[in-house]
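Undergrad:
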Amino acid sequence: MSEWIKCSETKPELGIDVLVYCSDTKEQFVGLRTGKYFQYAYVDDKRVICEPSHWMPLPNPPSE
């Protein structure tokens, strides 16, 4: 798996799922960059967003 990348150094492409880490809450989850923020869920038809400190590409899926 890749190393964590600081969001302050570079950000992933828009709309691509990546693993994100929020240092304030110590949470990791899959999210996608929608601009300044990363979206990771919908609750009652509202986007749940955060501003993570780090991200990394997702691993390749299993081949079988």
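Number 20 in UniProt numbering belongs to position 20 of the sequence shown; there are no gaps in the numbering. For every residue, glycine included, the Cβ atom is placed at its ideal position computed from N, Cα and C.
Taking the CB atoms as reference points, tell me whether Ile5 and Trp55 lie closer together than 8 Å.
TA: Their beta carbons are under 8 Å apart, which means Ile5 touches Trp55 by this criterion.
Undergrad: Can you tell which of Asp44, Glu13, Leu58, Glu9 has its C-alpha closest to the C-alpha of Ser2?
TA: Closest by alpha carbon: Leu58.
Undergrad: Can you tell me whether DSSP reads Pro57 as helix, strand or coil?
TA: Three-state DSSP puts Pro57 in a strand.
Undergrad: So what does Cys50 bridge to, in DSSP terms?
TA: DSSP, once it has assigned bridges, lists Phe38 as partnering Cys50.
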